[in-house]
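Worksheet: one structure, shown below.
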Amino acid sequence: MSDLRSENYIGGAWVPARSGAVDEVVDPATGDVLFQAAASGADDVDAAVQAAATAFTTWGRTTPAERATALLKLADVVEADMDRLVELESRDAGKPVAAVGIEVEAAADCLRFFAGAARTMETQGAGEYLEGYTSMLRREPVGVIGSVSPWNYPLMMAAWKVGPALAAGCTVVLKPSELTPMSTLRLAELTDGVLPAGVLNVVTGDGATAGAALTTHPLVDMVSLTGSVGTGKAIARAASDSLKRVHLELGGKAPVIVLDDADLEQVAESLKVGSFWNAGQDCTAACRVITAPGIHEAAVEAIAEAARSLVVGPTTDEATELGPVISVRQRERVEGFVARAVDGGATAVTGGRSAEGPGNYYEPSVLVGVEQGAEIVQQEVFGPVVTVQRAADLAQAVEWANGVDYGLAASVFTKDVGAAMEASALLRFGTVWVNDHIPLVSEMPHGGFKQSGYGKDLSQYAVEHYTELKHVMVKW
Ligand code: NAD
64 MSDLRSENYI GGAWVPARSG AVDEVVDPAT GDVLFQAAAS GADDVDAAVQ AAATAFTTWG
124 RTTPAERATA LLKLADVVEA DMDRLVELES RDAGKPVAAV GIEVEAAADC LRFFAGAART
184 METQGAGEYL EGYTSMLRRE PVGVIGSVSP WNYPLMMAAW KVGPALAAGC TVVLKPSELT
244 PMSTLRLAEL TDGVLPAGVL NVVTGDGATA GAALTTHPLV DMVSLTGSVG TGKAIARAAS
304 DSLKRVHLEL GGKAPVIVLD DADLEQVAES LKVGSFWNAG QDCTAACRVI TAPGIHEAAV
364 EAIAEAARSL VVGPTTDEAT ELGPVISVRQ RERVEGFVAR AVDGGATAVT GGRSAEGPGN
424 YYEPSVLVGV EQGAEIVQQE VFGPVVTVQR AADLAQAVEW ANGVDYGLAA SVFTKDVGAA
484 MEASALLRFG TVWVNDHIPL VSEMPHGGFK QSGYGKDLSQ YAVEHYTELK HVMVKW
């Protein structure tokens, strides 16, 4: 990993943190130290924001076609760098190698989508809304974006942040999670010769120092965070001082409603991926199954069987389906949630403990006997843990599904089109799947209701968030 640049990428140049301080980056599968990234301070962040502000004066005035061409090139170089990105992301984030390729492809697809979206922005038609005047709308870039990303999908989240911002004509300072900076630094290397200097800057470091400096910087016009609800609230509070725009993609606690007529094979197949992809460290992870009464026992068994069938192993092994969680701290957090649930009366049908051996592995787990008010039902665990509750009917299932602070994603499994449509309308979540759970497409918005945040990622709606509408009114 030593040939990856470890400094900050500012104004098209590699610049060490002024303090010389570094953060150690650890392989979650082995505990080995992989890399040392710059632990940036406020002055490093300031240099990056100044570079982004300078670049905005020209990038903000490029044509949509110029921005689209650059994003298409970026997608091409990302795709061409597949092997390297897979290696970095797999080691850094503890992801099985077989899974990471899909994420790199998704990142490239996202950049390609936003290349197209740059050229298809829409507004209301110009017209004479007052006699003797013509009114028209301009959709203008917001300016400098301070983007902060999480550790669970470092490269994909970088693409989700950079794509719509650059498409709109904004410039970006991106701070990856201190736990997983490597693929974002590689992305910065790949922009060399593709993006003009200063259009994308990458500054590494922790949330309290580098993140806070970025999200409160006076020249940052908008903050875009993907992270936990707590961080979202801290950023929204800090941003209120200067009334910066805020775009928040936060945590989730996705319910899965399984009705009596559901195809259990389909449920098990979907949740094998939907609940356990990325070791359950997914904001849309299917972690709260709520069944109708008649199918409960069979559903529990089918989901437990799917969990038991997962191949747990080294992330470097092509056959591995489930890798470790990100850190020792995260594994202890998962252990704590499960221990408290069991103390409260829950039973682990399968799993319910850490795996033996090195690395931060936790067994894929299915818990029953949990109350709606239990911590494990209400709070995001962010590990390979699924609870299954038995509801009396669809109305109670929807009430329980909606009965949490989060509102990111949900699903319903049934053959009854009417029940599926009713549930889709009643579920207060930004995405509702019917008879599946987890697939995303670049063309459709992803974002939360309630405390899962506001603002959409992906889709044309994301580009809108990085623009301001301006009314120009001309007197004849
Ligand atoms: P986190 O909130 O701990 O950190 C996210 C980022 O914010 C990191 O880069 C961190 O350094 C930074 N940060 C922390 N405190 C900060 C502060 N005070 N000011 C500025 N920046 C700060 O989240 P995480 O643990 O890295 O990621 C997991 C969380 O992200 C989960 O809650 C998950 O659901 C959520 N997530 C949401 C989505 C979505 O699309 N809604 C996608 C992926 C992850």
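So the sequence shown is numbered by our numbering: it starts at 64 and just counts up by one. Virtual Cβ for every residue (Gly too), placed ideally from N, Cα, C.
- Using a 10 angstroms sphere on the CB of Q187, the tally of other CB atoms stays under 16, which defines it as exposed.
- Secondary-structure assignment with DSSP links W77 through a beta bridge to Y72.
- Short note on W122: C-beta not closer than 8 Å to any heavy atom of the ligand NAD.
- Counting the other Cβ atoms within 10 Å of the Cβ of H534 gives fewer than 16, which makes it exposed.
- The residue among D146, V467, G261 and V448 with its C-alpha nearest the C-alpha of V397 is V448.
- D86 has its Cβ no nearer than 8 Å to any heavy atom of the ligand NAD.
- Exposed is the label assigned to I165, since fewer than 16 other Cβ atoms lie within 10 Å of its Cβ.
- The continuous stretches of beta strand (DSSP E) do not include T243, and DSSP gives it neither H nor E.
- Closest option to T254, judged by alpha-carbon separation, among L471, Q459 and W77: W77.
- A residue is called buried once 16 or more other Cβ atoms fall within 10 Å of its Cβ, and L430 is buried on that count.
- From the listed residues G518, Y524 and L258, the smallest Cα separation to S505 is found for Y524.
- Under the three-state reduction of DSSP, R416 is assigned to coil, being neither helix nor strand.
- With three or more CB-CB distances shorter than 8 Å, the stretch 361-381 counts as touching the stretch 320-337.
- Counting along the chain, A111 sits inside no beta strand (DSSP E); it lies in the alpha helix (DSSP H) bounded by residues A105 to W122.
- Relative to N341, the option among I389, R300 and K316 whose CA is nearest is I389.
- Boundaries for F339: no alpha helix (DSSP H) harbours it, and the DSSP string shows neither H nor E there.
- Of the residues A231, K224 and V433, the one whose Cα lies closest to the Cα of T530 is A231.
- Residue pairing for I439: DSSP places it in no beta bridge.
- The alpha-carbon separation between T247 and A361 amounts to approximately 43 Å.
- When DSSP assignments are scanned along the stretch 182-256, the uninterrupted stretches of alpha helix (DSSP H) that are 4 or more residues long and fall wholly within it turn out to be 217-231 and 245-254.
- A distance criterion of 8 Å places the beta-carbon of I73 beyond contact range of the ligand NAD, judged by its closest non-hydrogen atom.
- Bridge partners of I353 according to DSSP: I320 and Q452.
- Here DSSP, grouped into helix, strand and coil, assigns F98 to strand.
- Nearest in C-alpha terms to L174, of all of L134, T379, A349 and V309, is L134.
- L373 and G422 have their C-alpha atoms some 17 Å from each other.
- Relative to the non-hydrogen atoms of the ligand NAD, the Cβ of G376 never comes closer than 8 Å to any of them.
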